[in-house]
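One structure below.
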Amino acid sequence: MILPRFEFLEPATFEEALKIVEKNKGEAVMMAGGTDLLVNLKRKVIKASVVISLEKIDSLKQLNYSESAGLTMGSMVRVSELAETPIIKQKFPLLAIAASKLGSPQIRNRATVGGNVCTARPAGDTIGPLLAYGAEVQLVRGKESRWEPLAKFIVGPGKTTKKEGEILAAIKVKPCAADTGYSYIKYGIRKAMEIAMVSVTTNLTFDGKKCTSAAVVLGAVGPVFMRSGDAEATLCTKEITEALAEQAAEQAGAFCTPITDTRATAEYRCDLVKALTKRGILEAAGKHVKQSSSRKQEQK
Amino acid sequence: MKKYIKLNINSTEYELLVNDNETLAQLLRGPQLNLTGTKQGCELGDCGACTVLMDGKAVNSCLVLAMQANGHAITTIEGLASNGKMHPIQEAFINAGAVQCGYCTPGMILKAKSLLDVNPNPSRKEIREAFVGNLCRCTGYFKIINAVEIAAKGQANKEAGN
Ligand SMILES: Cc1cc2nc3c(=O)[nH]c(=O)nc-3n(C[C@H](O)[C@H](O)[C@H](O)COP(=O)(O)OP(=O)(O)OC[C@H]3O[C@@H](n4cnc5c(N)ncnc54)[C@H](O)[C@@H]3O)c2cc1C
Ligand code: FES
Ligand code: FES
Numbered sequence: 055m056i057l058p059r060f061e062f063l064e065p066a067t068f069e070e071a072l073k074i075v076e077k078n079k080g081e082a083v084m085m086a087g088g089t090d091l092l093v094n095l096k097r098k099v100i101k102a103s104v105v106i107s108l109e110k111i112d113s114l115k116q117l118n119y120s121e122s123a124g125l126t127m128g129s130m131v132r133v134s135e136l137a138e139t140p141i142i143k144q145k146f147p148l149l150a151i152a153a154s155k156l157g158s159p160q161i162r163n164r165a166t167v168g169g170n171v172c173t174a175r176p177a178g179d180t181i182g183p184l185l186a187y188g189a190e191v192q193l194v195r196g197k198e199s200r201w202e203p204l205a206k207f208i209v210g211p212g213k214t215t216k217k218e219g220e221i222l223a224a225i226k227v228k229p230c231a232a233d234t235g236y237s238y239i240k241y242g243i244r245k246a247m248e249i250a251m252v253s254v255t256t257n258l259t260f261d262g263k264k265c266t267s268a269a270v271v272l273g274a275v276g277p278v279f280m281r282s283g284d285a286e287a288t289l290c291t292k293e294i295t296e297a298l299a300e301q302a303a304e305q306a307g308a309f310c311t312p313i314t315d316t317r318a319t320a321e322y323r324c325d326l327v328k329a330l331t332k333r334g335i336l337e338a339a340g341k342h343v344k345q346s347s348s349r350k351q352e353q354k
Numbered sequence: 175m176k177k178y179i180k181l182n183i184n185s186t187e188y189e190l191l192v193n194d195n196e197t198l199a200q201l202l203r204g205p206q207l208n209l210t211g212t213k214q215g216c217e218l219g220d221c222g223a224c225t226v227l228m229d230g231k232a233v234n235s236c237l238v239l240a241m242q243a244n245g246h247a248i249t250t251i252e253g254l255a256s257n258g259k260m261h262p263i264q265e266a267f268i269n270a271g272a273v274q275c276g277y278c279t280p281g282m283i284l285k286a287k288s289l290l291d292v293n294p295n296p297s298r299k300e301i302r303e304a305f306v307g308n309l310c311r312c313t314g315y316f317k318i319i320n321a322v323e324i325a326a327k328g329q330a331n332k333e334a335g336n
């Protein structure tokens, strides 16, 4: 499959990239890992006469964590790095787990977190966890820079508020509460190399046995990822029981608005949401119990 | 437009003239290099036939531009044998009967190498997971997984001096 002709530009610094992007307005596309873009260029879904690669820009590959500020990562952090970096595994486990399920090892070695966010697919693997953690994204164009909650940045399938010429520079996630339980379920016909048919991301924060805050994020069952506010409210300030998980799952199932496509019917997806939300909540609560008992053991 | 790039392929330095819209797979297989051991199947990142190592990491060479290989080290299947002797993973593939039509084999072997380089003693589950991006239409995968196990054992025995 031949790629259409284009000019390839590779700025070495962020400042240079901003200038090049401005100069080639209307004709250029940006390339991060290229795993989505090159496929779309080959298939002629996207046309561009200039491709601007962000790969040489070291400042976009930084990953910083501090207890007070949380996690800040450049948009060019690779998906494989998310899956393997100890601090992410430890502090933002949902992100590491979801990253490890994206595509294949070969794809993960190239794909970036920024690229995954910019594609804004309803099934994008890093998006559910980033939403559950309340991530914000930084967009830069010329001298303008703005931060926006990821939940507002993604507005439709493949659609974001990114303006022509804006570069996604960084993604920020606040530090996570110490006492949490989590679950990421990616459901598809195959276990691997599969775009999720439904994904459910659950992050619960606890105070003792009580759940004090909850994020239940549903993927691939609407034009964008959806947080089930009703289900989250049901779980809050209560001890998680099977009956409560079931009630929240029913609410999530009633709330989602999936479509019928070649992979599944809308009805089946709603049933999946119910079953997987229940499973996710119980898994998250179970992890919390296990963690707090191992913490107690350590204290002894 | 054409530009010169410098890269290391199978431990040899090259300076090559490449097109902006040329993929690494096309460059490797093209007339300048003729390294046709790297195969192209889907050309969309799905099949893994084009897998090569870029700085030791497995990538789909159909989804990397030749320009992006500038300054990097690439290993293809042609780079594994040394002094006329096959790499132990290549031997294991033959001994395990893991090669049928052979189209997926170069990609499989390079993926196996990238796995064993970081995890010399993988479980069968880890091997299966490592190969999710490599399709084989012939073998049914069993013998490929066996081959990786054999290669891992061979490596371990060698290290133990047996
Ligand atoms: C075989 C295969 C399997 C896949 N499996 C999955 C999967 O399981 N789950 C999943 O979520 N995705 C999957 N994908 C899709 C893709 O790999 C991911 O979405 C990946 O994270 C995209 O990142 P990238 O760096 O390669 O983006 P690119 O392809 O480089 O870019 C994607 C888009 O975002 C824009 N962009 C990228 N970075 C920036 C930036 N910093 N600023 C502004 N614009 C930017 C580009 O212009 C382009 O339009 C798969 C793709 C393939 C080919
Ligand atoms: S040819 Fe590259 S993955 Fe199929
Ligand atoms: S041996 Fe024929 S595709 Fe694998």
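If you read the protein sequences in the order shown, they are chains X and S.
Counting in this note's numbering, the first sequence runs from 55 upward without gaps.
Counting in this note's numbering, the second sequence runs from 175 upward without gaps.
Glycine included, each C-beta is placed from N, C-alpha and C at the ideal position.
What are the boundary residues of the alpha helix (DSSP H) that residue i is part of?
i, result
"E138/X", "133-138"
"M282/S", "279-292"
"K299/S", "298-304"
"S199/X", "S199/X -> not in any alpha helix (DSSP H); beta strand (DSSP E) instead, spanning 198-203."
"Q329/S", "316-333"
List the endpoints of the continuous beta strand (DSSP E) containing residue i.
i, result
"K73/X", "From DSSP, K73/X is part of no beta strand (DSSP E) but of the alpha helix (DSSP H) over 68-77."
"F62/X", "61-63"
If we call anything under 9 Å between Cβ atoms a contact, is residue i one with residue j?
i, j, result
"P159/X", "P211/X", "no"
"M175/S", "G222/S", "no"
"A269/X", "T256/X", "yes"
"A189/X", "P203/X", "yes"
"Q200/S", "E109/X", "no"
"A321/S", "A255/S", "no"
"V254/X", "L330/X", "yes"
"P140/X", "K98/X", "no"
"A205/X", "R281/X", "yes"
"I221/X", "R244/X", "no"
"V93/X", "L218/S", "yes"
"L149/X", "T180/X", "yes"
"K317/S", "A270/S", "yes"
Just the Cα atoms here: how many angstroms apart are residue i and residue j?
i, j, result
"M85/X", "D233/X", "38 Å"
"T89/X", "C236/S", "10 Å"
"T212/S", "L198/S", "10 Å"
"L190/S", "I179/S", "5 Å"
"I263/S", "C275/S", "18 Å"
"E252/S", "V278/X", "45 Å"
"F60/X", "G128/X", "26 Å"
"A320/X", "N208/S", "50 Å"
"D238/S", "M251/X", "It is worth fixing the name first, because residue 238/S is Val in this sequence and not Asp. Taking the straight line from one Cα to the other gives about 28 Å."
"A231/X", "A338/X", "14 Å"
"N182/S", "V192/S", "15 Å"
"A330/S", "I268/S", "19 Å"
"Y188/S", "Q206/S", "10 Å"
"M247/X", "C265/X", "34 Å"
"E121/X", "Y187/X", "15 Å"
"N170/X", "G335/S", "46 Å"
"G258/S", "K327/S", "22 Å"
"D284/X", "G307/X", "11 Å"
"H342/X", "K155/X", "22 Å"
"F62/X", "V104/X", "6 Å"
"T291/X", "L298/X", "12 Å"
"T295/X", "K73/X", "56 Å"
"I106/X", "L95/X", "13 Å"
"C310/S", "A304/S", "14 Å"
"T225/S", "G215/S", "11 Å"
"I249/X", "S346/X", "34 Å"
Per DSSP, which residues does residue i bridge with? Please list them.
i, result
"L184/X", "L184/X pairs with nothing; no bridge assigned."
"K231/S", "M228/S"
"K226/X", "T126/X, E190/X"
"A82/X", "V104/X"
"A237/X", "The question names Ala, but residue 237/X is Ser in the sequence shown. Per DSSP, T256/X."
"K176/S", "N193/S"
"G210/X", "K213/X"
"I56/X", "Answer is none; I56/X lacks a bridge partner."
"L181/S", "Y188/S"
"R195/X", "E198/X"
"I221/X", "V194/X"
Those runs of the alpha helix (DSSP H) which lie wholly inside the stretch 90-135 of chain X and span at least 4 residues: Listed in chain order, the alpha helix (DSSP H) elements of length 4 or more contained wholly in the stretch 90-135 of chain X are 91-96.
Uninterrupted beta strand (DSSP E) stretches inside the stretch 240-324 of chain X (no shorter than 3 residues): The qualifying runs are 252-261, 264-273.
Any alpha helix (DSSP H) of 4 or more consecutive residues that is wholly inside the stretch 187-262 of chain S: Whole alpha helix (DSSP H) segments, 4+ residues: 198-203.
Alpha helix (DSSP H) segments (min. 4 residues) lying fully within the stretch 135-175 of chain X: Within the stretch 135-175 of chain X, the runs of alpha helix (DSSP H) at least 4 residues long that lie entirely inside it are, in chain order, 140-145, 147-154, 159-162, 167-173.
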